[in-house]
Amino acid sequence: MDLQGLRRRLESGKIALTDPGRPAPERPEQTPRWKARYPEPLTNEGFLGEVADEIEALNGRPTTSDLCWEAIRRYQREAVEANRLLVREAYLAIPPHRRVYVLGDMDRQDIPLRQLTTDISARRPRDHPA
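Residue numbers (my numbering): 21 to 150.
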């Protein structure tokens, strides 16, 4: 099966990312005082992106995370707007549920990238903790 075949099966419901017979977990009544940012939920598109990344990695080619790191290093060498936009494009190419892990920093997560890739006049996403 290729990626298009997987996409068709996901769209048709023949393959599901969650058990349709299992109820969604309930939120605890008491929440902690601290806030945490969890990864984006897994979607069909995100899953397809992750599968495509795995195929690239298995074939010795750069994944979306690798390409993002290349863009970050380019921006670090030359911090110009064109390179910042390349970082944004590379960051947004990473499957959404994997972005939080791209920097490998579990304390700051992907906050530095979210700050860098958000235009100064733009509002940050609602879940942005910074």
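By construction, the Cβ of each residue, glycine as well, lies at the ideal position given by its N, Cα and C atoms.
With the rule of 3 Cβ pairs closer than 8 Å, the stretch 32 to 40 does not count as touching the stretch 71 to 81. Using a Cβ distance threshold of 8 Å, Pro-116 and Glu-60 count as a contacting pair. Here DSSP, grouped into helix, strand and coil, assigns Gly-66 to helix. In this structure, the alpha-carbon of Thr-138 lies about 35 Å from that of Gly-25. Bounds of the alpha helix (DSSP H) holding Leu-87 are 84 to 97.
For Cys-88, the closest of Glu-65, Gly-124, Arg-128 by C-alpha to C-alpha distance is Gly-124.
Our two residues, Met-126 and Lys-34, have alpha carbons roughly 35 Å apart in a direct line.
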